[in-house]
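Residue numbers (the numbering used here), protein chains in the order written: chain A, 4 to 507; chain B, 131 to 260. The C-beta atom is built at its ideal place from N, Cα and C for all residues, glycine as well. Remember, it's a predicted structure, so these values are computed and weren't measured experimentally.
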């Protein structure tokens with residue numbers, strides 16, 4: 004039940020009003036003077052006070068003032084008589100909610116009470132709304148703060164350098180990552196410097212262009228640049244940038260910078276270790292190859308010594324051939340290594356290409372015959388004296404013919420009559436074509452694919468894996484070309500075309 | 131009858147060298163040019179000793195050695211590996227093959243690295259087969 008404080012000095016009015024209020028469902032606290040009324044108000048804190056205006060002692064106006072002072076939300080209705088107009092206006096000024104005229108009519112009282120209650124209700128609702136609003140405001144603020152804290156932390160803890168500017172290009176965000184990359188403390192740039200002062204020209208240009216083009220500029224793709232930091236050294240970075248919009252308005256820009264020095268360092272280390280591994284492999288292969296040559300030399304001298312001791316000419320000759328052959332292998336290895344490692348310009352000299360090829364055939368014929376391999380020649384008589392690099396031709400042909408002989412030796416098909424054929428041909432446009440063909444073991448696809456890979460060899464420990472590489476290098480240096488045809492089990496053909504100049 | 135020694139090497143100079151050392155020390159040499167041929171000769175001729183190179187075209191000594199050691203009839207023939215590659219490398223290649231599912235096989239009786247002295251080779255052969 005709602006409490007109401009009723010104050011009136013007239014006994015009759017007090018009791019009749021009290022009755023009337025009770026019948027309207029109020030819990031009535033009755034007081035017969037202003038003083039008593041205030042005591043009751045403090046004690047019971049009723050939300051509505053109905054008080055007579057003119058009372059001896061504390062009158063209605065004084066009660067109103069004290070009540071409002073004590074609880075501004077309390078509704079005070081004044082009971083007025085004729086001639087109280089001035090006081091009534093004062094009362095309104097002090098916050099009275101309504102008046103009822105004496106004698107108090109039932110209807111007037113009900114209306115005044117309903118208005119007071121409505122006001123109370125509204126005020127209650129308003130308070131609730133305000134409270135809700137304040138709560139919501141608080142939650143929203145917290146959320147915004149949390150988000151901004153989160154973003155702050157995100158930006159601060161990012162390993163990437165993040166640099167944001169406002170719409171005029173003044174730097175507003177400069178995270179620790181950016182400090183590390185640019186080697187400048189944030190305090191020196193934030194709100195103090197424009198991006199043009201901070202970024203090297205190649206980055207600044209991108210930002211300038213971006214601001215100029217606005218929406219017409221697509222995303223800036225990641226770019227690699229080197230930032231020079233004076234005494235702090237250079238630093239390679241990858242960067243990307245974008246404009247920031249609020250709706251259609253540009254509100255700033257942001258650039259992201261990734262420090263690439265660690266990646267670059269690892270890359271270099273990898274390349275270095277790969278190179279070391281390759282060098283190690285090369286040396287191992289060469290060492291193995293040389294060990295074989297040494298064994299051949301040792302064997303040769305051993306047999307020569309046996310021949311000398313026993314006066315056995317046959318052994319002497321056999322041992323000597325071995326020594327000569329292995330000395331030849333060493334000089335060939337050295338020449339291949341030099342040819343492979345050195346840039347060499349062809350030295351054009353007058354020569355007879357057919358004679359050069361014949362030299363090569365003679366050189367290898369001994370070994371070929373030892374292995375029952377025939378060396379067939381087919382030289383084009385139209386080829387006369389020309390200017391080309393005879394040493395180069397010799398080196399190329401020597402490698403190709405000895406490969407062809409090896410291909411026959413490695414071929415296990417004993418039903419074949421092994422043959423290496425060497426052919427020369429004059430072609431249009433001052434070109435001489437050299438064909439070296441064999442009917443030996445041929446090559447698998449895998450071998451063909453790796454033919455010009457450094458230190459790749461199918462000859463077990465007896466190849467350096469350099470020969471064809473040297474051939475290719477020399478042929479290219481001489482502006483020539485090389486073609487290969489091969490079938491496993493059937494044999495291979497190497498075709499080299501070299502341009503020549505007319506002899507003077 | 132003198133003992134027979136099979137030498138397997140693709141380098142003819144080394145074959146001639148080993149063959150001469152063997153002849154000088156009164157053994158009967160047999161010569162094969164690669165693993166395939168060597169294995170066939172080992173089966174046909176049942177030599178008293180095999181001297182085996184490692185890096186050869188066609189079948190390598192790495193494979194041939196495993197086959198020798200897994201074949202009941204050949205397993206007991208002593209083997210000298212004579213190669214330009216280091217013993218460590220050879221043993222590692224054998225370990226790798228074992229790890230790939232092959233059975234473990236014993237180390238070769240003797241491992242000689244090229245270049246070899248004729249005297250050392252002769253003494254090694256003598257020690258193994260008398």
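Taking the beta strand (DSSP E) that residue i belongs to, which residues open and close that run?
i	result
residue 231(A)	226 to 231
residue 239(A)	237 to 249
residue 177(A)	174 to 177
residue 352(A)	352 to 354
residue 202(B)	Looking at the DSSP string, residue 202(B) is not in any beta strand (DSSP E), and its letter there is neither H nor E.
residue 500(A)	494 to 502
residue 52(A)	51 to 55
residue 241(B)	240 to 243
residue 162(B)	158 to 162
residue 70(A)	Residue 70(A) -> not in any beta strand (DSSP E); alpha helix (DSSP H) instead, spanning 63 to 73.
residue 209(B)	209 to 213
residue 9(A)	5 to 10
For the alpha helix (DSSP H) that contains residue i, what are its first and last residues?
i	result
residue 134(B)	Careful: residue 134(B) lies outside any alpha helix (DSSP H), inside the beta strand (DSSP E) at 134 to 138.
residue 160(A)	109 to 160
residue 441(A)	No alpha helix (DSSP H) holds residue 441(A); the beta strand (DSSP E) holding it covers 434 to 441.
residue 307(A)	264 to 313
residue 215(A)	204 to 216
residue 164(A)	Where residue 164(A) is concerned, there is no enclosing alpha helix (DSSP H), although the beta strand (DSSP E) it sits in stretches over 164 to 169.
residue 321(A)	316 to 344
residue 479(A)	470 to 480
residue 92(A)	88 to 96
residue 489(A)	Element bounds for residue 489(A): not the alpha helix (DSSP H) but the beta strand (DSSP E), 484 to 490.
residue 198(A)	198 to 201
residue 16(A)	14 to 26
Roughly how many angstroms separate the alpha carbons of residue i and residue j, rounded to a whole number?
i	j	result
residue 189(B)	residue 131(B)	31 Å
residue 5(A)	residue 80(A)	15 Å
residue 396(A)	residue 236(B)	51 Å
residue 179(B)	residue 143(B)	20 Å
residue 129(A)	residue 75(A)	14 Å
residue 125(A)	residue 251(A)	43 Å
residue 339(A)	residue 350(A)	17 Å
residue 134(B)	residue 239(B)	17 Å
residue 164(B)	residue 210(B)	15 Å
residue 146(B)	residue 361(A)	29 Å
residue 19(A)	residue 127(A)	30 Å
residue 1(A)	residue 272(A)	Any answer about residue 1(A) is impossible in this case: the structure gives chain A only from 4 up to 507.
residue 220(B)	residue 322(A)	30 Å
residue 3(A)	residue 240(A)	The displayed coordinates of chain A run from 4 to 507. Any statement about residue 3(A) would go beyond what the structure contains.
residue 150(B)	residue 306(A)	7 Å
residue 16(A)	residue 143(A)	55 Å
residue 106(A)	residue 12(A)	14 Å
residue 31(A)	residue 149(A)	52 Å
residue 382(A)	residue 327(A)	29 Å
residue 442(A)	residue 372(A)	15 Å
residue 167(B)	residue 227(A)	60 Å
residue 153(A)	residue 183(A)	21 Å
residue 46(A)	residue 140(A)	36 Å
residue 235(A)	residue 166(A)	20 Å
residue 492(A)	residue 440(A)	13 Å
residue 254(A)	residue 134(A)	35 Å
residue 331(A)	residue 302(A)	15 Å
residue 320(A)	residue 313(A)	13 Å
residue 422(A)	residue 499(A)	19 Å
Could you round the C-beta distance between residue i and residue j to whole angstroms and report it? I think they count as a contact, below 8 Å.
i	j	result
residue 172(B)	residue 152(B)	Their Cβ separation, rounded to whole angstroms, is 16 Å, which puts residue 172(B) and residue 152(B) out of contact at 8 Å.
residue 388(A)	residue 353(A)	6 Å
residue 242(B)	residue 251(B)	7 Å
residue 175(A)	residue 194(A)	7 Å
residue 257(A)	residue 247(A)	6 Å
residue 66(A)	residue 37(A)	5 Å
residue 470(A)	residue 406(A)	6 Å
TODO: Would you list, in chain order, the members of the region 183 to 216 of chain B that have their beta-carbon closer than 8 Å to a beta-carbon of chain A?
DONE: Result list: 183, 184, 185, 186, 187, 188, 190, 213, 214 and 215.
Task: Within 9 Å of chain A by C-beta, residues of the region 161 to 181 of chain B in sequence order - done: Of all residues in the region 161 to 181 of chain B, 163, 164, 166 and 167 have a Cβ within less than 9 Å of some Cβ in chain A.
- [ ] Scan the region 230 to 245 of chain B for residues whose Cβ lies nearer than 7 Å to a Cβ of chain A and list them as they occur along the chain.
- [x] In summary, the residues of the region 230 to 245 of chain B whose CB is separated from some CB of chain A by less than 7 Å are 244 and 245, in the order they occur in the chain.
Task: Contact set between the region 320 to 348 of chain A and chain B, restricted to residues whose Cβ is under 8 Å from the partner - done: Contacts with chain B (Cβ-Cβ distance below 8 Å) from the region 320 to 348 of chain A involve 321, 325, 328 and 329, listed in chain order.
- [ ] Can you give me, in chain order, the residues of the region 293 to 319 of chain A that have a beta carbon less than 8 Å from any beta carbon in chain B?
- [x] Contacts with chain B (Cβ-Cβ distance below 8 Å) from the region 293 to 319 of chain A involve 294, 295, 297, 298, 299, 300, 301, 302, 303, 305, 306, 309 and 318, listed in chain order.
- [ ] Jot down the residue ranges of each uninterrupted alpha helix (DSSP H) in the region 370 to 440 of chain A, minimum 4 residues, whole runs only, in chain order.
- [x] Taking only runs of at least 4 residues, the alpha helix (DSSP H) segments lying wholly in the region 370 to 440 of chain A are 393 to 413.
Open item on the list: So if I threshold CB-CB distances at 9 Å, which residues from the region 267 to 294 of chain A count as touching chain B?
Closed with: Cβ contacts with chain B come from 287, 290, 291, 292, 293 and 294.
- [ ] Determine which residues of the region 137 to 148 of chain B have a Cβ less than 7 Å from any Cβ of chain A, and write them out in chain order.
- [x] Shown in chain order are the members of the region 137 to 148 of chain B whose Cβ falls below 7 Å from a Cβ of chain A: 140, 141, 143, 144, 146 and 147.
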